[in-house]
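In what follows, a structure is listed as structure tokens, so that the remarks can point back to it.
Chains as they are written, first to last, in my numbering: chain Z, 21 to 132; chain Y, 113 to 811.
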């Protein structure tokens, strides 16, 4: 029983905390699917260029309705099934985390 | 007919060109221009031949959408639908729960209970599964994952007993009651969260949808986004001023309280500025539009408040770290709880007790309360401030404002009206005439005062030759072959001392070292200044004064206002140094200035507080902008910051304490899963409720 429990705990750790988000190519135009989190959750964009991020929410969870990038002071409401277009230009390189309204789902913009 | 529509889906300048081309080809369209930057299309069309729908259809195949007015209201409607959806789910779930509890006590047939529980589990609770599945695909988890797993275990266990005749008692009442209570919590929370953002919704609703524009000799009603700078607009009593502008004719009083927080209606006549979104109460005016669209004061206020509400509070940092680990860790604790009970529990029913304790752990954990703690308070606090004409730039400034223990005021234009007037002239009209001649063309406030006095006395100015400005000392020049100097007194006569000790600024006119006359100038202290200072001191905040005046004038004004400390003879470039000096003494300093000339000092201060100038509210250097230009708003802003931060702290404390205390309690098996769900439902609700209590703060 104990071995089984330890195994399960180990699996939970590996499954949720052991994953590495893959950052794709540097892009100026990206579509983010919002369902049970964000995919992709890591977006690499060029610093100093205007980029377009299109968010589409297909998950009814209410916290996902709110999309916030605190360091850029951006807060958007994502109505179900609608494309929300975000245009931004980040001049300073670095990481800009985003999250849902309750800070449970996370993602990150990396300006390079 | 010409109309402007927002266009959704544009991602490059060539999109604009494409849309423009298609629109122009659409039958009935006379002219169309599409602006990529503003994401708007301006279309002139014949309403008989085409309409919004048809134009929308035309550009849809390209992947763009024409946003009509009706669609803008859809967002609000969707939100209401969401609240209603939770309500209905609760009604269904609640009824099932009551029947199941009653049934389990009265020995109702297990088959019926199973059917009811199935409806609850996969009908009412379907959203939890849907979200869980979507999350797992991203290897993520949230609160719904915990609820889905917790209720599934209780439901699955009970279903197995019922269907396969395994020995034991089913726990249908547990799974259905958990679902009912969680759904109730979600419904109430969705309702309460809507209330937190009421302030900004009210601001957004201020702008009227149409305006009566006079073009040529015709007056017609157009949509507000069709107004262009220079348009003449007529506003009748009871109507709202649509955009920012300057009155051309007529007079009236306008209620500006909704935008600036100024409670008394203001009198406006030709030459006065009017603000879009405010209410015209008495007369009819015609004004010229000066700022439209996103340039208007109201639009800037909304933008600032929205940005502030999206910003990150430094206090939030710990939550950001925890939230990434929360749900997986709770899952692990739940597994450990079950295993612990199974192995170490009392022999007969340890598996069952372990299961119930494990479920209780899953259900009681509430990451939402942590996530909602800061943003809900921030939204209520900044919204409330905006209603009072106080714009707080971001959460960071709010957090520092909480610690402020020293406020330094720039004198001119802040504590005083910034419109100095000549109060005494020694030497008669001749002195005033010569002084005014020397100052002609200068924009310096003191020079303006002298020129105004000369104009009032209808004096004819002399021609000045070899004019020279003496940096910080005054001016000199030759009039009728005689050299004159106008500036700071070179000698401190009793007369000069007396005037200065009355808070007046003294300039002396002289020639060849001989004093010809003395002019004293004073700036009226604002009515609210004394009260604002007193209120700050009551809040145990030190107050000091910063001025370019000499120590005697500074001391007089400081005394008049009840201020103990002053910095006199500070050149504009050195204001920043005074702020740094105070900081060097260990004080947390707020600097109050005009936002334009004081920008470096405002930036240097821990919090810069600026008075809005005209309709311009976006001040880069200021952490707090006072739209109402009322000094009493400063103690108010600091008080509100303190209340908001206190609310954030209480929220965070409860959210942390709740999880830290109750998760172990649940693991020990002291708490039944049903009680756990009740606690969980109230926890996030209490956080939102506590934030809403901010509205009750006495301001």
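Note that beta-carbon positions come from the ideal geometry of N, C-alpha and C, so glycine has one too.
- In this chain, the beta strand (DSSP E) harbouring residue 678 of chain Y covers 677-679.
- An exposed status is given to residue 143 of chain Y, since fewer than 16 other beta-carbon atoms sit within 10 Å of its beta-carbon.
- Taking 8 Å as the upper bound for CB-CB distance, residue 469 of chain Y and residue 781 of chain Y are in contact here, some 4 Å apart.
- DSSP places residue 103 of chain Z inside the beta strand (DSSP E), whose first and last residues are 103-109.
- Taking a contact as a CB-CB distance under 8 Å, the pair residue 803 of chain Y and residue 294 of chain Y does not count as one, their CB atoms being some 21 Å apart.
- Residue pairing for residue 64 of chain Z: DSSP places it in a beta bridge opposite Z:130.
- Counting the other CB atoms within 10 Å of its CB gives residue 157 of chain Y a total of 16 or more, which places it among the buried residues.
- Distances from the CA of residue 746 of chain Y to each of Y:723, Y:288, Y:759 and Y:760 were compared; the closest alpha carbon is that of Y:723.
- Interface annotation for the segment 41-70 of chain Z against chain Y: 49, 55, 56, 57, 58, 59 and 61, criterion Cβ-Cβ distance under 8 Å.
- DSSP places residue 118 of chain Y inside the beta strand (DSSP E), whose first and last residues are 114-120.
- Cβ-Cβ distances below 8 Å link residue 651 of chain Y to 747, 750 and 751 in the same chain, with the five nearest sequence neighbours on each side left out; the list follows chain order.
- Only 117, 119, 120, 121, 122, 123, 124 and 125 from the segment 110-125 of chain Z bring a Cβ to less than 9 Å from some Cβ of chain Y.
- DSSP lists Y:141 as the bridge partner or partners of residue 157 of chain Y.
- Within the same chain, 659, 661, 662, 663 and 666 come within 7 Å of residue 680 of chain Y by CB-CB distance, once the 5 residues on both sides are set aside.
- Taking 9 Å as the Cβ-Cβ cut-off, the segment 449-469 of chain Y approaches chain Z at 450, 451, 452, 454 and 455, given in chain order.
- Between residue 360 of chain Y and residue 329 of chain Y, the alpha-carbon positions lie close to 16 Å from each other.
- Under the DSSP assignment, residue 802 of chain Y falls in the alpha helix (DSSP H) whose first and last residues are 785-804.
- In the structure shown, residue 117 of chain Z falls within a strand segment according to DSSP collapsed to helix, strand and coil.
- Counted as a single uninterrupted DSSP element, the beta strand (DSSP E) harbouring residue 634 of chain Y occupies residues 626-634.
- In the DSSP assignment, residue 432 of chain Y falls within the unbroken alpha helix (DSSP H) covering 429-435.
- Of the residues Y:450, Y:129, Y:475 and Y:735, the one whose Cα lies closest to the Cα of residue 510 of chain Y is Y:735.
- Nearest to residue 301 of chain Y by alpha-carbon distance, out of Y:654, Y:312 and Y:484, is Y:484.
- Among the CB atoms of chain Y, none fall inside 8 Å of the CB of residue 128 of chain Z.
- In terms of CA proximity to residue 22 of chain Z, Y:454 leads the group Y:418, Y:437 and Y:454.
- Contacts with chain Z at 8 Å (Cβ-Cβ) do not include residue 649 of chain Y.
- The beta carbon of residue 255 of chain Y sits closer than 8 Å to some beta carbon of chain Z.
- Put simply, the CB of residue 25 of chain Z is near chain Y, with a gap under 8 Å to one of its CB atoms.
- For residue 765 of chain Y, the enclosing alpha helix (DSSP H) stretches over residues 745-779.
- According to the DSSP assignment, residue 330 of chain Y belongs to the beta strand (DSSP E) that extends over 330-335.
- Within the DSSP secondary-structure output, residue 598 of chain Y pairs in a beta bridge with Y:587 and Y:621.
- Chain-order list of chain Y residues neighbouring residue 88 of chain Z: 422, by C-beta distance under 7 Å.
- C-alpha of residue 45 of chain Z to C-alpha of residue 64 of chain Z: approximately 7 Å in a straight line.
- Taking CB atoms only, residue 81 of chain Z has a neighbour in chain Y less than 8 Å away.
- The bridge partners DSSP lists for residue 97 of chain Z are Z:86.
- At a cut-off of 8 Å between beta carbons, residue 22 of chain Z contacts chain Y.
- With a threshold of 8 Å between beta carbons, residue 75 of chain Z makes no contact with chain Y.
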